[in-house]
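*Asks:*
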């Protein structure tokens, strides 16, 4: 019996050109679908999951491995945790990449299997009244950007 091919809803990918979505020059993967729909969101086109492109995780992984020149990626959205199973497979298949995950949920809502396989986490909902342009890697001051694992795979205190 063949294993089921895991699929993921994708909005878009921006290769090798972001300096504001985590340390270094990063590729940004925008997943489709959001259960939070924060007021003032900069990416409302990602909210409706059905308007995204449904592709196999393996196809996405191959594309990222081919086109992300420095192996630094940020997974954003939409809300990545809306597709937990596919997200877990994506992250595991990108082992060796420097991975940042952006979620509007709390740090405690991130499954351990995801948390243990990423380097950085941006957590917390965007609150337009707390918008900031001076706190690195976040959109509002209530959000936190956490180093989960150093690049040499040492785990930080959680």
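In the numbering used here, the protein residues as written are -2 to 155. Glycine residues also receive a C-beta, built at the ideal position from the N, C-alpha and C atoms. All figures in this text were calculated on a predicted structure; none of them were measured in a lab.
1. Which of the three DSSP states, helix, strand or coil, is assigned to residue 94?
2. Would you mind stating whether residue 67 and residue 10 have Cβ atoms separated by less than 8 Å?
3. How is the alpha helix (DSSP H) around residue 63 delimited, first residue to last?
4. Using CA coordinates, which residue listed in 27, 85 and 63 is at the minimum distance from residue 48?
5. Output yes or no for whether 8 Å exceeds the beta carbon distance between residue 143 and residue 118.
6. Of the choices 14, 16, 101 and 52, whose alpha-carbon is the least far from that of residue 120?
7. Measuring only the C-alpha atoms, how far is residue 24 from residue 88?
8. Flag this pair as yes or no: are the beta carbons of residue 122 and residue 33 separated by less than 8 Å?
9. Can you check which of these residues, 82, 93, 124 and 30, is closest to residue 61 by C-alpha distance?
10. Going by DSSP, which residues form a beta bridge with residue 11?
11. Once you ignore the five residues that flank residue 81 on each side, which residues in its own chain have a CB closer than 7 Å to its CB?
12. Compute the minimum distance between the beta carbon of residue 40 and the heavy atoms of the ligand ATP, and state whether it is under 7 Å.
13. Could you pull the start and end residues of the beta strand (DSSP E) that residue 142 belongs to?
14. Taking the beta strand (DSSP E) that residue 70 belongs to, which residues open and close that run?
15. Using alpha carbons as the reference points, say which of 103, 112 and 126 lies closest to residue 141.
16. Quick check on residue 164: buried or exposed, where buried means 16 or more other Cβ atoms within 10 Å of its Cβ?
17. Would you report the Cα separation of residue 50 and residue 39, rounded to the nearest angstrom?
*Replies:* Let me spell this out:
1. Locating residue 94 in the chain shown gives position 97, counting from the first residue. Coil, per DSSP.
2. If you number the chain shown from 1, residue 67 lands on position 70. If you number the chain shown from 1, residue 10 lands on position 13. Against a cut-off of 8 Å, the Cβ pair of residue 10 and residue 67 comes out as no contact.
3. Reading the chain shown from its first residue, position 66 is the one you call residue 63. 54 to 64 is the span of the alpha helix (DSSP H), which, as asked, contains residue 63.
4. Within the chain shown, residue 48 is the residue found at index 51, counting from 1. Ranking the options by Cα distance to residue 48, first place goes to 27.
5. Against the chain shown, residue 143 aligns to sequence position 146. Against the chain shown, residue 118 aligns to sequence position 121. Yes, they are a contact pair.
6. To locate residue 120, count along the chain shown from 1; it is residue 123. The shortest C-alpha separation from residue 120 is found at 101.
7. Against the chain shown, residue 24 aligns to sequence position 27. Against the chain shown, residue 88 aligns to sequence position 91. Going by the C-alpha atoms only, they are around 14 Å apart.
8. Stepping through the chain shown from its first residue, residue 122 is reached at position 125. Stepping through the chain shown from its first residue, residue 33 is reached at position 36. Yes, Cβ-Cβ distance for residue 122 and residue 33 is below 8 Å.
9. On the chain shown, residue 61 is found 64 positions in, with the first residue counted as 1. Of the candidates 82, 93, 124 and 30, the one whose C-alpha sits nearest the C-alpha of residue 61 is 93.
10. Looking up residue 11 in the chain shown gives position 14. Paired residue(s): 25.
11. For this step, residue 81 is matched to residue 84 along the chain shown. 108.
12. Of ligands this structure carries none, so the ligand ATP is not represented either.
13. Counting from 1 along the chain shown, the entry for residue 142 is found at position 145. Residue 142 -> beta strand (DSSP E) spans 141 to 144.
14. Position 73 of the chain shown, counted from the start, is the residue given in the question as residue 70. Segment 69 to 73, the beta strand (DSSP E) holding residue 70.
15. The sequence position of residue 141 within the chain shown is 144, counting from 1. Of the listed residues, the one whose Cα sits closest to residue 141 is 103.
16. Beyond the ends of the chain as shown, which are -2 and 155, falls residue 164; an answer cannot be given.
17. What you label residue 50 is simply residue 53 of the chain shown in a count that begins at 1. What you label residue 39 is simply residue 42 of the chain shown in a count that begins at 1. Roughly 20 Å separates the two Cα atoms.
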